[in-house]
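Residue numbers (the numbering used here): 33 to 384.
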């Protein structure tokens, strides 16, 4: 089964003409906790005039993708006004699963039969593709070669926050807990995907939680991670310093460092140089998104190479490590010494 599809489950939730919301179909299964999460996230039992067509998020190690569809008289779903199709997967690829969600949703609208839709789902699961008469062919591999930057806005993010962008960069570099706020879910999901690409040398989608509600089960799940990039539209997040080291308020264009994190976020000349570099790079009209990502990645690599030059101690396995003694021998300014120590810890090369 040589395909990159990591689908786990498919669900349908419907809102009927009486306004009742029913969980009508599942393959192969979901937990009660997953059901509760999706019923809260899909929005079918709320204000039906402002449904978000496609949303996604993560719970534990699993991703969910929700596609909401308005049902018309011409569709083969009598008494159904709206429905949400949900896909659960091990991997994060919003474009891929949005496309698949739409194909499955259109098939369900036309046939009214989950079994027909299931055939397409199983085809994708086993072969990585499915073919429909009206909606074309879905090929999972078409989405694997696309650059992450096709849906990111790093250049715009830097232009938005200017020199303060270095706070985001540093928080990511040092593996801090970052929470991103926006009142609009659409805007939040659009922006949140940009943050991981600032640290191209890491697989930061592994720490991405695009949309959390401040409810106990989601907060507990989030807190089980040592560091993360989490998005929320709950305006009370500012009073929850237990959940973040750095809070990025997108509408207000403000970045807040929690009191407990300020010592490790002290800026040095190195930070200022990188901040100026990023701002000047983003201001250039002829520079595209992919180049911004690459040049910042190169700058990060330079920084990490400088750190590795301090790694003069080897473990029994032959791994180079930085020792406290090596740092102290350099007689570096206190702020720089503190930064390099924290960076070595984040990169797991500090001999503690």
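Cβ coordinates follow ideal geometry from the N, Cα and C atoms, glycine included.
None of the values given here were measured: they were computed from a predicted structure.
Sequence-distant residues of its chain with Cβ nearer than 6 angstroms to residue 280 (five each side left out)
For residue 280, where only same-chain residues beyond five positions count, the Cβ hits under 6 angstroms are 212, 287.
Residue 45, enclosing beta strand (DSSP E) - first and last residue
39 to 48
Please look up how many angstroms separate the CB atoms of residue 261 and residue 240, rounded, as I've assumed it's under 8 angstroms.
Between residue 240 and residue 261 the Cβ distance is about 5 angstroms, and since that is below 8 angstroms, they are a contact.
Note down, in chain order, each residue of its chain lying with its Cβ closer than 8 angstroms to the Cβ of residue 49, except the 5 sequence neighbours on either side.
The beta carbon of residue 49 sits closer than 8 angstroms to those of 111, 112, 113, all from its chain and outside the five residues before and after it, given in chain order.
Taking the alpha-carbon positions, what's the residue 75 to residue 45 distance?
11 angstroms
Say whether the region 130 to 139 touches the region 151 to 166, bearing in mind that this needs 3 or more beta-carbon pairs closer than 8 angstroms, one atom from each stretch.
yes
Smallest Cα separation from residue 207: which of 220, 226, 258, 42?
258
Figure out for me which residue from 57, 52, 39 has the closest Cα to the Cα of residue 147.
57
Within 7 angstroms: the Cβ of residue 324 and any heavy atom of the ligand MG?
Because no ligand of any kind appears in the structure shown, any question about the ligand MG cannot be addressed here.
Alpha carbon of residue 180 to alpha carbon of residue 229, nearest angstrom:
With a pLDDT of 48 at residue 180, under the threshold of 50, the modelled position of that residue is not reliable, and the figure given next carries that caveat. For residue 180 and residue 229, the distance between alpha carbons rounds to 8 angstroms.
Sort 233, 263, 349, 365 by Cα distance to residue 209 and report the nearest one.
263
Backbone secondary structure at residue 289 - three-state DSSP:
strand
Thinking C-beta only, is residue 130 closer than 8 angstroms to residue 86?
yes
Who are the Cβ neighbours of residue 187 in its own chain at under 6 angstroms, not counting the five residues just before and after it?
314, 321, 324
Could you give the first and the last residue of the continuous alpha helix (DSSP H) run that contains residue 121?
Premise fails: residue 121 lies in the beta strand (DSSP E), 112 to 121, not in any alpha helix (DSSP H).
How many Å lie between residue 236 and residue 52 at the Cα?
39 angstroms
So, for residue 161: in the same chain, excluding its five sequence neighbours on each side, which residues have a beta-carbon less than 7 angstroms away from its beta-carbon?
155, 169, 170, 171, 172
With 16 other CB atoms within 10 Å as the buried threshold, where does residue 152 fall?
buried
Since residue 240 sits in a beta bridge, which residues does DSSP pair it with?
Paired residues: 261.
Assigned exposure category for residue 128 - 16 Cβ within 10 Å defines buried
buried
Reduced DSSP category for residue 355 - H, G, I as helix; E, B as strand; rest coil:
strand
Would you tell me roughly how many angstroms separate the C-alpha atoms of residue 55 and residue 43, rounded to the nearest one?
Near 8 angstroms, if we compare the C-alpha coordinates of residue 43 and residue 55.
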